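Participant: Before anything else, here's the structure in question.
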Amino acid sequence: MWAARRTWADRRARAGLVALALTAALAAGCTPGTPGGPDEQATGTVTAVPGPSTTAPSPAPADLTAAVEADLAALEQSTGRRVGVFAHDTGSGATVAYRADERFGYASTLKALAAGEVLAGQPTSVLDQPLTVTADDVAGVGHAPVTGDSAGADLTIGELGAAAVSESDNGALNVLLRYLGGPAALQAALAARGDATTLVDADEPELNAFTPGDPARTSTPRALAEGLATYALGDALDPAVREAYVGWLTASTTGLDAIRAGTPDGWLVGDKTGTAGRYGSRNDVAVVWPPGRAPIVLAVLTDHPDEDAEPDDAVLAAAARTVLGAYAATS
(Lines of atoms letter the chains of each structure in order from A and count residues from 1; the text may use other names and numbers.)
(Lines give C-alpha, C1' and ligand atoms only; values in the text may rest on other atoms or scores of the structure.)
Protein backbone atom coordinates (compact mmCIF):
# COMPACT_ATOMS: atom_id res chain seq x y z
CA MET A 1 0.00 0.00 0.00
CA TRP A 2 2.73 2.43 0.86
CA ALA A 3 4.43 1.59 -2.41
CA ALA A 4 1.18 2.42 -4.18
CA ARG A 5 1.05 5.79 -2.42
CA ARG A 6 4.63 6.60 -3.44
CA THR A 7 3.76 5.61 -6.98
CA TRP A 8 0.76 7.96 -6.92
CA ALA A 9 2.94 10.80 -5.64
CA ASP A 10 5.41 10.16 -8.44
CA ARG A 11 2.59 10.15 -10.97
CA ARG A 12 1.23 13.44 -9.64
CA ALA A 13 4.65 15.02 -10.07
CA ARG A 14 4.94 13.69 -13.61
CA ALA A 15 1.41 14.83 -14.40
CA GLY A 16 2.37 18.36 -13.42
CA LEU A 17 5.26 18.31 -15.88
CA VAL A 18 3.03 16.89 -18.59
CA ALA A 19 0.45 19.59 -17.90
CA LEU A 20 3.02 22.32 -18.52
CA ALA A 21 3.85 20.75 -21.86
CA LEU A 22 0.18 20.53 -22.81
CA THR A 23 -0.90 24.02 -21.77
CA ALA A 24 -0.46 25.60 -25.18
CA ALA A 25 -2.10 22.71 -27.00
CA LEU A 26 -5.07 22.59 -24.68
CA ALA A 27 -5.52 26.32 -24.97
CA ALA A 28 -5.44 26.07 -28.74
CA GLY A 29 -8.07 23.37 -28.80
CA CYS A 30 -10.30 24.29 -25.90
CA THR A 31 -10.34 28.04 -25.39
CA PRO A 32 -13.96 29.13 -25.14
CA GLY A 33 -15.25 31.89 -27.36
CA THR A 34 -15.73 35.38 -26.00
CA PRO A 35 -19.37 35.89 -25.05
CA GLY A 36 -21.18 38.70 -26.74
CA GLY A 37 -22.17 41.83 -24.86
CA PRO A 38 -25.73 42.73 -23.93
CA ASP A 39 -28.05 44.15 -26.53
CA GLU A 40 -28.18 47.95 -26.56
CA GLN A 41 -31.39 49.55 -25.33
CA ALA A 42 -33.56 51.44 -27.82
CA THR A 43 -33.09 55.22 -27.50
CA GLY A 44 -35.58 56.50 -30.03
CA THR A 45 -32.82 57.21 -32.52
CA VAL A 46 -33.52 55.99 -36.03
CA THR A 47 -31.10 53.17 -36.75
CA ALA A 48 -30.01 52.39 -40.27
CA VAL A 49 -30.87 48.94 -41.52
CA PRO A 50 -27.61 47.08 -42.06
CA GLY A 51 -26.81 46.03 -45.58
CA PRO A 52 -26.00 42.50 -46.64
CA SER A 53 -22.99 40.97 -44.93
CA THR A 54 -19.86 40.80 -47.01
CA THR A 55 -18.26 38.26 -44.68
CA ALA A 56 -17.97 34.85 -46.27
CA PRO A 57 -19.41 31.98 -44.22
CA SER A 58 -16.92 29.77 -42.46
CA PRO A 59 -16.13 26.64 -44.45
CA ALA A 60 -17.47 23.37 -43.13
CA PRO A 61 -14.92 21.25 -41.26
CA ALA A 62 -13.07 18.91 -43.58
CA ASP A 63 -14.01 15.25 -43.78
CA LEU A 64 -10.76 13.35 -44.31
CA THR A 65 -12.43 9.94 -44.55
CA ALA A 66 -12.09 9.73 -48.33
CA ALA A 67 -8.34 10.25 -48.00
CA VAL A 68 -7.90 7.17 -45.80
CA GLU A 69 -10.75 4.76 -46.46
CA ALA A 70 -8.98 2.83 -49.23
CA ASP A 71 -5.98 2.22 -46.97
CA LEU A 72 -8.20 1.20 -44.04
CA ALA A 73 -10.17 -1.17 -46.27
CA ALA A 74 -6.91 -2.69 -47.51
CA LEU A 75 -5.79 -3.11 -43.90
CA GLU A 76 -8.98 -5.01 -43.13
CA GLN A 77 -8.56 -7.15 -46.25
CA SER A 78 -4.96 -8.06 -45.47
CA THR A 79 -5.56 -8.90 -41.79
CA GLY A 80 -9.06 -10.36 -41.88
CA ARG A 81 -10.10 -7.92 -39.16
CA ARG A 82 -12.79 -5.30 -38.84
CA VAL A 83 -11.39 -1.85 -38.11
CA GLY A 84 -13.46 1.03 -36.76
CA VAL A 85 -12.05 4.55 -36.57
CA PHE A 86 -13.25 7.93 -35.45
CA ALA A 87 -10.95 10.94 -35.26
CA HIS A 88 -11.64 14.62 -34.62
CA ASP A 89 -9.23 17.52 -34.86
CA THR A 90 -10.45 19.80 -32.07
CA GLY A 91 -8.92 22.82 -33.77
CA SER A 92 -10.02 22.58 -37.40
CA GLY A 93 -12.95 20.25 -36.80
CA ALA A 94 -11.69 17.85 -39.48
CA THR A 95 -12.92 14.29 -38.95
CA VAL A 96 -12.31 10.73 -40.05
CA ALA A 97 -15.21 8.31 -39.69
CA TYR A 98 -14.69 4.72 -40.87
CA ARG A 99 -17.16 2.24 -39.37
CA ALA A 100 -17.41 4.96 -36.73
CA ASP A 101 -20.94 4.03 -35.70
CA GLU A 102 -20.56 0.26 -35.74
CA ARG A 103 -20.54 -1.55 -32.41
CA PHE A 104 -17.44 -3.19 -30.94
CA GLY A 105 -16.81 -4.70 -27.52
CA TYR A 106 -15.20 -1.88 -25.55
CA ALA A 107 -13.32 -3.99 -22.97
CA SER A 108 -10.98 -1.91 -20.80
CA THR A 109 -11.40 1.32 -22.76
CA LEU A 110 -14.39 1.74 -20.44
CA LYS A 111 -11.94 2.46 -17.62
CA ALA A 112 -11.16 5.87 -19.10
CA LEU A 113 -14.84 6.83 -19.02
CA ALA A 114 -15.43 5.41 -15.55
CA ALA A 115 -12.42 7.20 -14.08
CA GLY A 116 -13.47 10.43 -15.76
CA GLU A 117 -16.98 10.18 -14.38
CA VAL A 118 -15.70 9.56 -10.84
CA LEU A 119 -13.78 12.84 -11.09
CA ALA A 120 -16.47 14.87 -12.84
CA GLY A 121 -17.53 17.99 -10.97
CA GLN A 122 -15.27 17.21 -8.03
CA PRO A 123 -12.65 19.42 -6.34
CA THR A 124 -8.99 18.45 -6.33
CA SER A 125 -9.43 16.87 -2.89
CA VAL A 126 -11.32 13.98 -4.51
CA LEU A 127 -7.95 12.57 -5.58
CA ASP A 128 -7.03 12.00 -1.93
CA GLN A 129 -10.34 10.42 -0.91
CA PRO A 130 -9.73 6.85 0.33
CA LEU A 131 -11.82 3.90 -0.84
CA THR A 132 -11.58 0.40 0.57
CA VAL A 133 -10.68 -2.43 -1.79
CA THR A 134 -12.89 -5.42 -0.97
CA ALA A 135 -12.23 -9.08 -1.65
CA ASP A 136 -15.11 -9.07 -4.15
CA ASP A 137 -13.47 -6.23 -6.08
CA VAL A 138 -10.43 -8.34 -6.90
CA ALA A 139 -11.71 -11.94 -6.85
CA GLY A 140 -11.07 -13.58 -10.21
CA VAL A 141 -10.53 -10.30 -12.04
CA GLY A 142 -7.29 -11.25 -13.75
CA HIS A 143 -4.94 -8.33 -14.39
CA ALA A 144 -4.69 -6.34 -11.14
CA PRO A 145 -1.07 -5.25 -10.57
CA VAL A 146 -2.00 -2.64 -7.95
CA THR A 147 -5.17 -3.93 -6.28
CA GLY A 148 -4.55 -7.66 -6.49
CA ASP A 149 -2.90 -7.79 -3.06
CA SER A 150 -4.83 -4.88 -1.56
CA ALA A 151 -8.07 -6.49 -0.39
CA GLY A 152 -9.07 -4.85 2.88
CA ALA A 153 -6.76 -1.88 2.32
CA ASP A 154 -7.62 1.71 1.49
CA LEU A 155 -6.37 3.29 -1.72
CA THR A 156 -7.15 6.84 -2.75
CA ILE A 157 -9.24 7.70 -5.78
CA GLY A 158 -6.06 9.13 -7.27
CA GLU A 159 -4.25 5.84 -6.81
CA LEU A 160 -7.19 3.83 -8.12
CA GLY A 161 -7.66 6.09 -11.14
CA ALA A 162 -3.99 5.88 -12.02
CA ALA A 163 -4.08 2.10 -11.62
CA ALA A 164 -7.18 1.74 -13.80
CA VAL A 165 -6.13 4.11 -16.59
CA SER A 166 -2.33 3.85 -16.68
CA GLU A 167 -2.02 0.15 -15.82
CA SER A 168 -5.50 -1.16 -16.74
CA ASP A 169 -5.98 -2.63 -13.27
CA ASN A 170 -9.28 -4.55 -13.28
CA GLY A 171 -9.80 -4.43 -9.53
CA ALA A 172 -9.33 -0.66 -9.54
CA LEU A 173 -12.15 -0.32 -12.05
CA ASN A 174 -14.42 -2.41 -9.84
CA VAL A 175 -13.76 -0.17 -6.84
CA LEU A 176 -14.47 2.95 -8.90
CA LEU A 177 -17.64 1.46 -10.36
CA ARG A 178 -18.86 0.56 -6.89
CA TYR A 179 -18.17 4.14 -5.78
CA LEU A 180 -20.30 5.42 -8.66
CA GLY A 181 -23.16 3.09 -7.75
CA GLY A 182 -22.44 0.21 -10.12
CA PRO A 183 -22.48 -0.34 -13.89
CA ALA A 184 -26.03 0.96 -14.27
CA ALA A 185 -25.06 4.21 -12.56
CA LEU A 186 -22.17 4.68 -14.97
CA GLN A 187 -24.43 4.08 -17.95
CA ALA A 188 -26.93 6.60 -16.59
CA ALA A 189 -24.17 9.17 -16.10
CA LEU A 190 -22.89 8.65 -19.64
CA ALA A 191 -26.42 8.96 -21.01
CA ALA A 192 -26.86 12.22 -19.10
CA ARG A 193 -23.80 13.52 -20.96
CA GLY A 194 -25.33 12.57 -24.30
CA ASP A 195 -23.83 9.10 -24.76
CA ALA A 196 -26.80 6.81 -25.33
CA THR A 197 -24.58 4.39 -27.24
CA THR A 198 -22.22 2.87 -24.66
CA LEU A 199 -24.02 0.03 -22.87
CA VAL A 200 -22.71 -0.86 -19.41
CA ASP A 201 -24.18 -3.78 -17.49
CA ALA A 202 -21.21 -5.51 -15.86
CA ASP A 203 -17.94 -4.93 -14.04
CA GLU A 204 -14.64 -6.82 -14.38
CA PRO A 205 -14.16 -9.40 -15.71
CA GLU A 206 -17.68 -9.89 -17.17
CA LEU A 207 -17.61 -6.60 -19.08
CA ASN A 208 -15.30 -8.26 -21.61
CA ALA A 209 -17.92 -10.88 -22.54
CA PHE A 210 -19.32 -9.30 -25.68
CA THR A 211 -20.79 -11.22 -28.63
CA PRO A 212 -20.84 -9.83 -32.18
CA GLY A 213 -24.36 -8.75 -33.05
CA ASP A 214 -25.37 -8.28 -29.41
CA PRO A 215 -25.19 -4.63 -28.27
CA ALA A 216 -24.46 -5.56 -24.64
CA ARG A 217 -21.06 -4.33 -23.42
CA THR A 218 -20.35 -2.51 -26.65
CA SER A 219 -19.88 1.01 -27.90
CA THR A 220 -18.73 2.71 -31.10
CA PRO A 221 -15.52 4.47 -32.11
CA ARG A 222 -17.38 7.77 -32.25
CA ALA A 223 -18.96 7.45 -28.79
CA LEU A 224 -15.72 6.40 -27.10
CA ALA A 225 -13.66 9.16 -28.72
CA GLU A 226 -16.22 11.80 -27.82
CA GLY A 227 -16.48 10.43 -24.29
CA LEU A 228 -12.74 10.60 -23.77
CA ALA A 229 -12.71 14.18 -25.06
CA THR A 230 -15.41 15.12 -22.55
CA TYR A 231 -13.08 14.40 -19.65
CA ALA A 232 -9.61 15.02 -21.12
CA LEU A 233 -10.37 18.21 -23.05
CA GLY A 234 -13.77 19.50 -21.99
CA ASP A 235 -14.99 21.23 -18.86
CA ALA A 236 -16.44 18.17 -17.10
CA LEU A 237 -13.41 18.13 -14.78
CA ASP A 238 -11.96 20.87 -12.63
CA PRO A 239 -8.72 22.04 -14.32
CA ALA A 240 -6.45 20.65 -11.60
CA VAL A 241 -8.35 17.36 -11.60
CA ARG A 242 -8.20 17.22 -15.39
CA GLU A 243 -4.43 17.68 -15.13
CA ALA A 244 -4.23 14.49 -13.08
CA TYR A 245 -6.56 12.62 -15.44
CA VAL A 246 -4.53 13.61 -18.51
CA GLY A 247 -1.41 12.56 -16.63
CA TRP A 248 -2.86 9.07 -16.20
CA LEU A 249 -3.52 8.85 -19.94
CA THR A 250 -0.06 10.03 -20.96
CA ALA A 251 1.57 7.68 -18.42
CA SER A 252 -0.23 4.63 -19.82
CA THR A 253 2.04 1.72 -20.65
CA THR A 254 -0.50 -0.74 -22.07
CA GLY A 255 -0.62 0.61 -25.64
CA LEU A 256 2.99 1.24 -26.59
CA ASP A 257 2.56 -0.85 -29.76
CA ALA A 258 -0.93 0.42 -30.63
CA ILE A 259 -1.86 4.05 -31.48
CA ARG A 260 1.42 5.29 -30.01
CA ALA A 261 3.39 3.17 -32.47
CA GLY A 262 1.58 4.80 -35.40
CA THR A 263 1.97 8.39 -34.21
CA PRO A 264 4.40 10.80 -35.92
CA ASP A 265 7.59 11.59 -34.03
CA GLY A 266 7.22 14.45 -31.58
CA TRP A 267 3.45 14.05 -31.13
CA LEU A 268 2.38 13.43 -27.53
CA VAL A 269 -0.16 10.65 -26.83
CA GLY A 270 -2.43 9.86 -23.90
CA ASP A 271 -4.46 6.69 -24.34
CA LYS A 272 -6.44 3.83 -22.85
CA THR A 273 -6.42 0.39 -24.41
CA GLY A 274 -8.84 -2.51 -24.16
CA THR A 275 -8.51 -6.25 -24.83
CA ALA A 276 -11.54 -8.51 -24.48
CA GLY A 277 -9.81 -11.89 -24.80
CA ARG A 278 -12.21 -13.03 -27.54
CA TYR A 279 -12.76 -12.36 -31.25
CA GLY A 280 -9.31 -10.78 -31.46
CA SER A 281 -10.73 -7.68 -29.83
CA ARG A 282 -8.14 -4.95 -29.32
CA ASN A 283 -8.96 -1.26 -28.93
CA ASP A 284 -7.25 2.04 -28.18
CA VAL A 285 -8.77 5.46 -27.52
CA ALA A 286 -6.43 8.42 -27.38
CA VAL A 287 -5.84 12.12 -27.32
CA VAL A 288 -2.93 13.10 -29.56
CA TRP A 289 -1.19 16.47 -29.27
CA PRO A 290 0.68 17.49 -32.45
CA PRO A 291 3.30 20.19 -31.79
CA GLY A 292 1.81 23.67 -32.12
CA ARG A 293 -1.66 22.41 -32.96
CA ALA A 294 -4.90 21.61 -31.18
CA PRO A 295 -5.30 18.03 -29.96
CA ILE A 296 -6.79 15.24 -32.06
CA VAL A 297 -9.07 12.67 -30.46
CA LEU A 298 -8.74 9.21 -31.99
CA ALA A 299 -10.43 5.86 -31.38
CA VAL A 300 -9.38 2.67 -33.16
CA LEU A 301 -11.42 -0.46 -32.41
CA THR A 302 -10.73 -3.87 -33.97
CA ASP A 303 -12.05 -7.41 -33.89
CA HIS A 304 -11.99 -10.68 -35.87
CA PRO A 305 -14.77 -13.10 -36.87
CA ASP A 306 -12.95 -16.02 -35.20
CA GLU A 307 -13.74 -16.14 -31.47
CA ASP A 308 -10.30 -17.63 -30.77
CA ALA A 309 -8.34 -15.03 -32.74
CA GLU A 310 -5.55 -13.21 -30.95
CA PRO A 311 -5.40 -9.40 -30.74
CA ASP A 312 -2.94 -7.61 -33.00
CA ASP A 313 -1.54 -4.23 -32.00
CA ALA A 314 0.08 -3.83 -35.41
CA VAL A 315 -3.37 -3.34 -36.92
CA LEU A 316 -4.09 -0.45 -34.56
CA ALA A 317 -0.69 1.09 -35.24
CA ALA A 318 -1.25 0.87 -39.00
CA ALA A 319 -4.69 2.47 -38.73
CA ALA A 320 -3.33 5.27 -36.56
CA ARG A 321 -0.43 5.84 -38.95
CA THR A 322 -2.85 6.20 -41.85
CA VAL A 323 -5.26 8.53 -40.07
CA LEU A 324 -2.71 10.73 -38.33
CA GLY A 325 -0.70 10.91 -41.54
CA ALA A 326 -3.75 12.45 -43.22
CA TYR A 327 -3.96 15.05 -40.47
CA ALA A 328 -0.24 15.77 -40.69
CA ALA A 329 -0.63 16.43 -44.41
CA THR A 330 -3.16 19.19 -43.68
CA SER A 331 -0.81 21.21 -41.46
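If you read the sequence shown in UniProt numbering, its first letter stands for residue 1, the second for the next number, and so on. Glycine residues also receive a C-beta, built at the ideal position from the N, C-alpha and C atoms. This one's a predicted model, so the numbers in the text were calculated from it and none came from an experiment.
I need the straight-line Cα distance from G142 to S168, nearest angstrom please.
Facilitator: Your numbering for residue 142 matches position 142 in the sequence shown. Your numbering for residue 168 matches position 168 in the sequence shown. Approximately 11 Å between the Cα atoms of the pair.
Participant: Would you report the Cα separation of K111 and A70, rounded to the nearest angstrom?
Facilitator: For the purposes of this step, residue 111 is taken as the residue at position 111 of the sequence shown. For the purposes of this step, residue 70 is taken as the residue at position 70 of the sequence shown. The alpha-carbon atoms of K111 and A70 are separated by roughly 32 Å.
Participant: By Cβ distance below 8 Å, which residues in the same chain neighbour S92 in space, the five residues on each side in sequence not counted?
Facilitator: Position 92 of the sequence shown, counted from the start, is the residue given in the question as residue 92. Excluding positions up to five away in sequence, the list reads P61, A62, A294 and T330.
Participant: Can you give the beta carbon distance from T230 to T254, rounded, assuming they're within the 8 Å contact cut?
Facilitator: Within the sequence shown, numbered from 1, the residue matching residue 230 stands at position 230. Within the sequence shown, numbered from 1, the residue matching residue 254 stands at position 254. In fact, because the Cβ distance is near 21 Å, the residues do not count as touching under 8 Å.
Participant: Could you round the C-beta distance between A320 and L298 to whole angstroms and report it? I think they count as a contact, below 8 Å.
Facilitator: For the purposes of this step, residue 320 is taken as the residue at position 320 of the sequence shown. For the purposes of this step, residue 298 is taken as the residue at position 298 of the sequence shown. Sure, about 7 Å apart at Cβ, within 8 Å.
Participant: In whole angstroms, what separates the C-alpha of L180 from that of A120?
Facilitator: The count along the sequence shown starts at 1 and reaches residue 180 at position 180. The count along the sequence shown starts at 1 and reaches residue 120 at position 120. Spanning the two alpha carbons is a distance of roughly 11 Å.
Participant: In the DSSP assignment, find the unbroken alpha helix (DSSP H) run with R282 in it and report its ends.
Facilitator: Taking the sequence shown and counting its residues from 1, the one referred to as residue 282 is at position 282. Judged by DSSP secondary structure, R282 falls outside any alpha helix (DSSP H) and instead within the beta strand (DSSP E) spanning R282 to W289.
Participant: Counting only the same chain and skipping the five closest in sequence on each side, list residues whose C-beta sits under 6 Å from that of G262.
Facilitator: For the purposes of this step, residue 262 is taken as residue 262 along the sequence shown, with counting starting at 1. Correct list, in chain order: A317, A320 and R321.
Participant: Is it true that the region 269-287 meets the region 99-114, where meeting means three or more beta-carbon pairs spaced less than 8 Å apart?
Facilitator: yes
Participant: Let me know if P221 comes out buried or exposed under the rule of 16 or more other beta-carbons within 10 Å of its beta-carbon.
Facilitator: Locating residue 221 in the sequence shown gives position 221, counting from the first residue. So P221 counts as buried.
Participant: S166 to V246, Cα distance in whole Å?
Facilitator: The count along the sequence shown starts at 1 and reaches residue 166 at position 166. The count along the sequence shown starts at 1 and reaches residue 246 at position 246. Roughly 10 Å between the two C-alpha positions.
Participant: With DSSP collapsed to three states, give me the class of T254.
Facilitator: As a first step, residue 254 is located in the sequence shown; it is residue number 254 there, counting from the start. Of the three classes helix, strand and coil, the one that applies to T254 here is coil, per DSSP.
Participant: Can you tell me the Cα-Cα spacing of D265 and G227, whole angstroms?
Facilitator: Reading the sequence shown from its first residue, position 265 is the one you call residue 265. Reading the sequence shown from its first residue, position 227 is the one you call residue 227. Rounded to whole angstroms, D265 to G227 spans 26 Å at the Cα level.
Participant: I need the boundaries of the alpha helix (DSSP H) containing P221, first residue and last residue.
Facilitator: For the purposes of this step, residue 221 is taken as residue 221 along the sequence shown, with counting starting at 1. Unbroken alpha helix (DSSP H) run through P221: P221 to A232.
Participant: Leaving out five residues on either side along the sequence, give the residues of the same chain with a beta carbon under 8 Å from the beta carbon of G116.
Facilitator: Residue numbering aside, residue 116 sits at position 116 when the sequence shown is read from its first letter. Around G116: G227, L228, T230, Y231, A232, A236, L237 and Y245.
Participant: What are the residues that DSSP puts in a beta bridge with L298?
Facilitator: Stepping through the sequence shown from its first residue, residue 298 is reached at position 298. Beta-bridge pairing links L298 to A87 and A286.
Participant: If the criterion is Cβ atoms closer than 8 Å, does the pair T65 and Y98 meet it?
Facilitator: On the sequence shown, position 65 is the one that residue 65 refers to. On the sequence shown, position 98 is the one that residue 98 refers to. Taking 8 Å as the Cβ cut-off, T65 and Y98 qualify as a contacting pair.
Participant: Please classify A70: does DSSP put it in a helix, a strand, or coil?
Facilitator: Within the sequence shown, residue 70 is the residue found at index 70, counting from 1. Helix, per DSSP.
Participant: By DSSP's criteria, L268 is part of a beta bridge. Which residues make up the other side?
Facilitator: Within the sequence shown, numbered from 1, the residue matching residue 268 stands at position 268. Answer is W289.
Participant: Which same chain residues, not among the five before or five after T132, have their C-beta less than 6 Å away from its C-beta?
Facilitator: For the purposes of this step, residue 132 is taken as the residue at position 132 of the sequence shown. Same-chain partners within the cutoff: D154.
Participant: If you drop the 5 nearest sequence neighbours on each side, which residues of the same chain put their C-beta closer than 7 Å to that of I157?
Facilitator: In the sequence shown, counting from the first residue as 1, residue 157 sits at position 157. V118, V126, L127, Q129 and L131, listed in sequence order.
Participant: In its own chain, which residues sit with a C-beta less than 8 Å from the C-beta of D313, not counting the 5 before and 5 after it?
Facilitator: Position 313 of the sequence shown, counted from the first residue, corresponds to residue 313. The residues are G255, D257, A258, A261 and R282.
Participant: Would you say D271 and A251 are within 8 Å of each other, going by their C-beta atoms?
Facilitator: On the sequence shown, residue 271 is found 271 positions in, with the first residue counted as 1. On the sequence shown, residue 251 is found 251 positions in, with the first residue counted as 1. Against a cut-off of 8 Å, the Cβ pair of A251 and D271 comes out as no contact.
Participant: DSSP three-state label for D313, please.
Facilitator: Indexing the sequence shown from 1 puts residue 313 at position 313. Three-state result, D313: helix.
Participant: Looking only at DSSP bridge pairs, what is A94 linked to?
Facilitator: One-based indexing of the sequence shown puts residue 94 at position 94. None, per the DSSP bridge assignment.
Participant: In the structure shown, what three-state DSSP assignment does P130 receive?
Facilitator: Residue numbering aside, residue 130 sits at position 130 when the sequence shown is read from its first letter. If DSSP states are grouped into helix, strand and coil, P130 belongs with the strands.
Participant: So, with DSSP's three-state summary, where would you put residue 336?
Facilitator: This structure cannot settle anything about residue 336, because the visible part of the chain is limited to 1 through 331.
Participant: Quick one: grab the DSSP three-state call for G105.
Facilitator: The residue given as residue 105 occupies position 105 in the sequence shown. Strand, per DSSP.
Participant: Measuring only the C-alpha atoms, how far is A139 from P183?
Facilitator: Position 139 of the sequence shown, counted from the start, is the residue given in the question as residue 139. Position 183 of the sequence shown, counted from the start, is the residue given in the question as residue 183. When rounded, the distance between both Cα atoms is 17 Å.
Participant: With DSSP as the reference, label D238 as helix, strand or coil.
Facilitator: As a first step, residue 238 must be located in the sequence shown, where it is residue number 238. Note: D238 maps to coil in three-state DSSP.
Participant: CB-CB under 7 Å to E102, same chain, minus the five flanking residues each way: which ones, in chain order?
Facilitator: Along the sequence shown, one-based indexing puts residue 102 at 102. G84 and T220.
Participant: Measure the Cβ-Cβ separation of A144 and W248 and say whether it is below 8 Å.
Facilitator: For the purposes of this step, residue 144 is identified with residue 144 of the sequence shown, where counting begins at 1. For the purposes of this step, residue 248 is identified with residue 248 of the sequence shown, where counting begins at 1. The answer is no: Cβ separation not under 8 Å.
Participant: Can you give me the start and stop residues for the beta strand (DSSP E) that D154 sits inside?
Facilitator: The count along the sequence shown starts at 1 and reaches residue 154 at position 154. Its beta strand (DSSP E) spans residues D154 to T156.
Participant: Does the Cβ of D195 have 16 or more other Cβ atoms within 10 Å, making it buried, or fewer, making it exposed?
Facilitator: Locating residue 195 in the sequence shown gives position 195, counting from the first residue. Buried: at least 16 other Cβ atoms inside 10 Å.
Participant: Skipping 5 residues on each side, what residues in its chain have a beta carbon closer than 7 Å to that of A223?
Facilitator: Along the sequence shown, one-based indexing puts residue 223 at 223. The answer, listed in chain order, is D195, T197 and T198.
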